[in-house]
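Structure, as structure tokens:
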Amino acid sequence: MEHSYYQERLSAFADNELTPEERAQVAEHLRECGDCQKRLNDLEALSQLTSRHSVLDDSDYWEKAAQKIEGRLDTAATTITDVTPKQSRQSSGLWWKLPAIAASVVIVGYIGLHESDILREADTEKPLRTLRSMEVTPPEERAGRTNLPDTVVVAEESEVDLPQPVMMEDIHGGRGEGEVNIAEGRALREGTVMDETEGLVYAPSPPQETVTVTGSDYQVLAIEDRDENYKRRSLPKAASEHAETEPAAPKVEVDDLADFEEPVLAETFQLDDWRQRRDSILLAIQNLPPEVPPRQRKSTGVQGFTATRGTDTSGIAADVVERVAKVELEKELVEAWYQICLLSDDSTEKTTGKEFLDSVATDEGSPNRNLADSLYKLIEQQ
Amino acid sequence: MDDEIREEKPASEVSEADPKGAEQRLIEAAQNGDKRAFGQLIRHHQKRLFRFVYGLTGTFDQTEDIVQEAFIRAYSAIGTFQLGRDFYPWLATIGRNLAFNHLSRQAKTESLDRMLEKGFDPTSGELGPLEQLISTDGQKRFYAALKALPVKYRTVFVLRHLEDMSYDRIAEQLKIPSGTVDSRLYRARKLLMDDLKDLL
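Right under this line is the structure:
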């Protein structure tokens, strides 16, 4: 085995995340390699340093923060509303009737716990993650009723057979069957399961209502008629006691989700995205203020451009802003080029990217040199 | 006899002697509408949640907002919480996803102009408002170094070190392969060790 094989596995070794075979191999290597043993010791030291220095101090801040949150509890949203991820298009006859009777019906979603404990508690005979039938009553029959039946639990995609959300199409004006946009960027596609999703779930078109989703299963509490006459909603247990005296929770205005896409964090940034990002950054750099003549200039070492230093106090603040902006842009550019080098098959492009990383890595004045150096070496190892 | 009306004692704070039992009583009380009980849950968990969310976002203001929102949503959904389970993982899930949503929205929509206007340097030692919560050089160096990590490396590092998640769990949360978790952790640790080597 090459030495790099063991070096690359030290991190996972420290985390006890290797297979037994790999673990034995690395352990054997550690007996002979002082360098790797030192790296392992450093990893352990980093872990201890993190534990020690990540703790936040006691401070007046916490009590004030807690009081601020408590102050908002009174107006906290207790309404939970619409969510239905699109699943398979299988449907029962009942659902096909919904367009006629449920043009303003909303499914109220309410999220249970990860292990579907609520289901387990409620119905131990059925498998945990099964779809229950939903009772639907026409609006005229539902007026004035509260906490209508009942629950639909969605869990693993393969286990789910949700009815076709025809009602969604009707309610949401042709948004497209099965597309429910989770707030803040997560678009659900057909077959997507709300597994471990959190945050607000928006109906894709007005009137928009929201639901708080926690855990891996969501649980529909009720089918609610959006008709204005129907004010009562399924409430969490804590709020239900006050249901008689408290006014109906207001409808929540939500943003138009038309532009939202899948979260970038979930590896959806493709090569073209990185190229666009790179080009945007380069454009931003070009649009920065011009350099000051050399005799007034003090280099910050940021690769490719030179910061200016004002000679009076009014210029210093602007200069600092500009300098930090350039440092940040360079850092973003380093990451963009790194990703392009990883993803691209174009050798010329990869060479250009590596040259840029190398130039930053060797620039003694650049705060980003360590980052660039590490990323450059990672590319070299590919 | 004392004319003063004796109020029912509020749910006690989570105590060291029986933290889990005390917490469960608080949760149960909160489920029955006792806001003060939920207030105790806030006080017990907010620091840890704040640290975690800050590790993900690197921004004090956003962290404040997300932590507040996480508690608000937890309160709204407290009726669904299954007694017997640990409260913090459930709360942290809410906070985590709010943070992820924020990060992905920020990455996609933040204009470069806005970046230029911000006027702060995340690669400097300036931690801004966070400094009211950290006092030692070690804390400041650590958080500055953490903040300087590219977000993808910082995320896995925080999930691993501050939330003690396994590689598989991190992979599941981020929708990436377990091998990618490993390589990102490797990079994150390498960068941090380079930055903090004099503290190791």
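Taken in sequence, the protein lines are chains A and B. 89 is the number that our numbering gives to position 89 of the first sequence; each next residue is one higher, with no gaps. 1125 is the number that our numbering gives to position 125 of the second sequence; each next residue is one higher, with no gaps. Heads up, the beta-carbon is just placed ideally off N, CA and C, and yes, glycines get one too.
Check: Interface flag, B/Gly1138 vs chain A, CB-CB below 7 Å; Outcome: yes
Check: Residue from B/Arg1141, B/Phe1038, B/Leu1130, B/Asp1065 whose Cα sits closest to the Cα of B/Tyr1088; Outcome: B/Phe1038
Check: B/Gly1039 at chain A interface by Cβ criterion, 7 Å; Outcome: yes
Check: Residues of the region 321 to 340 of chain A with Cβ closer than 7 Å to any Cβ of chain B, in chain order; Outcome: Val321, Val324, Ala325, Val327, Glu328, Lys331, Glu335
Check: For A/Ser11, three-class secondary structure by DSSP; Outcome: helix
Check: Proximal residues to A/Asp373 (C-beta, below 7 Å), its chain only, five neighbours per side dropped; Outcome: Ala361
Check: Among A/Ala336, A/Asp358, A/Asp15, nearest to B/Tyr1186 - alpha-carbon criterion; Outcome: A/Asp15
Check: Residue closest to B/Thr1093, alpha-carbon to alpha-carbon, out of B/Leu1159, B/Gly1128, B/Lys1152; Outcome: B/Leu1159
Check: Within chain A, partners of B/Gln1062 - CB distance below 9 Å; Outcome: Per Cβ cutoff of 9 Å: no residues; B/Gln1062 is ~13 Å from chain A at best.
Check: Collapsed DSSP secondary structure at A/Val55 in the structure displayed; Outcome: coil
Check: Any C-beta of chain A under 7 Å from that of B/Tyr1088; Outcome: no
Check: Cross-chain neighbours of A/Leu371 in chain B, by beta carbon under 7 Å; Outcome: Leu1191
Check: Contacts around A/Leu271, its chain only, beta-carbon distance under 7 Å, and the 5 residues preceding and following it disregarded; Outcome: Ile340, Leu343, Ser344
Check: CA-to-CA distance, A/Ser359 to B/Glu1131, given in whole angstroms; Outcome: 34 Å
Check: Chain-order list of residues whose beta-carbon lies under 7 Å from that of B/Glu1028 (same chain, five-residue window excluded); Outcome: Leu1083
Check: Chain B contact for A/Ile285 (CB, 7 Å cutoff); Outcome: no
Check: Within chain A, the residues that B/Leu949 reaches when beta carbons sit closer than 8 Å; Outcome: There is simply no residue 949 of chain B to check, as chain B begins at 1001 and stops at 1200 in what is shown.
Check: Proximity to B/Lys1197 [Cα-Cα], best of A/Glu32, A/Glu28, A/Leu46; Outcome: A/Leu46
Check: Proximity of B/Gln1139 and A/His53 at Cβ, strictly below 7 Å; Outcome: yes
Check: Inter-stretch contact at 8 Å, needing at least 3 Cβ pairs: the region 1069 to 1076 of chain B / the region 1094 to 1106 of chain B; Outcome: yes
Check: Which of helix, strand or coil DSSP assigns to B/Leu1192; Outcome: helix
Check: Cross-chain neighbours of A/Arg278 in chain B, by beta carbon under 8 Å; Outcome: Residues of chain B passing the Cβ test: none, with the nearest at roughly 12 Å.
Check: Residues that B/Gln1024 contacts on chain A, provided the C-beta gap is smaller than 9 Å; Outcome: The contacting residues do not exist; B/Gln1024 stays about 14 Å from chain A at best.
Check: Beta carbon of A/Ile285 nearer than 7 Å to that of A/Leu357; Outcome: no
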